[in-house]
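In the numbering used here, the protein residues as written are 88 to 299. For glycine and all other residues, C-beta sits at the position ideal for the given N, C-alpha and C.
Here it is, written out as structure tokens:
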């Protein structure tokens, strides 16, 4: 068996953002995570400009109208092109406290090259050295997340450096289309070099090419 990381479209990089950004669709894990962020993190995060993109706005409004009203001005709703959500990002927030499997929005955030503030769960399933990602602030709990936001808001972001930032390099090496093609070529090359390997497992390359 070979682990083949998925290819995820790159988001905009190198832009002069002005706000913190959260991207979330209305699934259960995202809803619970955003509620945690709004209830536990934001009260002590200070006066930080942030925007929430995605159809999660209606879910929060129906589950907790008062919470929605408190932060209604920050919800931007669904965007036609997901890249639009990242075009004004000074920093991407990944307040994940629920969820299973690889997080696509985390991969998208990596591709921007922008500074990230995230809980460790945001990087689930990736098997990466988080300490090597110098533009990522890891937060184990709500106070640490709020502190990370306050500190990041006080810093000047060098947007020109995003294209070569540690997170952008990680994206290019593992989750870009080029990385996927290279990994797939290595798998196929190994099979073509020794087609009997599949035959020994009772698999025919000609009959079942999708098993690659």
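For residue i, the nearest candidate out of the options (CA to CA)
i           : options            : result
residue 139 : 133, 159, 114      : 159
residue 238 : 119, 246, 222      : 222
residue 137 : 176, 257, 210      : 176
residue 187 : 210, 162, 168, 166 : 210
residue 91  : 281, 133, 260, 149 : 260
residue 89  : 280, 275, 281, 279 : 275
residue 93  : 270, 280, 279, 281 : 270
residue 162 : 281, 142, 224, 153 : 142
Sub-7 Å separation of residue i and residue j beta-carbons
i           : j           : result
residue 200 : residue 157 : no
residue 204 : residue 180 : yes
residue 183 : residue 206 : yes
residue 164 : residue 151 : no
residue 340 : residue 135 : Here the chain covers residues 88 to 299 and nothing more, so residue 340 does not appear.
residue 98  : residue 195 : yes
residue 226 : residue 212 : no
residue 185 : residue 257 : no
residue 240 : residue 127 : no
residue 233 : residue 131 : yes
Residue i, buried or exposed, once every other Cβ within 10 Å from all chains shown has been counted against 16
i           : result
residue 115 : exposed
residue 100 : buried
residue 220 : buried
residue 330 : The requested residue 330 is not part of the displayed model; the chain covers only 88 to 299.
residue 245 : exposed
residue 277 : exposed
residue 133 : exposed
residue 293 : For residue 293, the pLDDT reaches just 41, beneath the cut-off of 50, and the residue's location in the model is therefore unreliable, although a value from the coordinates is still provided. Answer is exposed; the Cβ neighbour count stays below 16.
Range covered by the alpha helix (DSSP H) that runs through residue i
i           : result
residue 121 : 115-123
residue 160 : From DSSP, residue 160 is part of no alpha helix (DSSP H); its letter is neither H nor E.
residue 280 : 264-280
residue 194 : 191-199
Boundaries of the beta strand (DSSP E) in which residue i is found, first to last residue
i           : result
residue 139 : 137-140
residue 248 : Note, residue 248: premise wrong, no beta strand (DSSP E); not H, not E.
residue 205 : 203-205
residue 176 : 176-181
Q: Count the C-beta pairs between the stretch 162-181 and the stretch 107-116 that are closer than 8 Å, then say yes if the count reaches three, no if not.
A: yes
Q. Three or more C-beta pairs closer than 8 Å, one from the stretch 189-198 and one from the stretch 119-126: is that the case here?
A. no
Q. With contact counted as at least three CB pairs below 8 Å, one residue from each stretch, are the stretch 198-212 and the stretch 248-263 in contact?
A. yes
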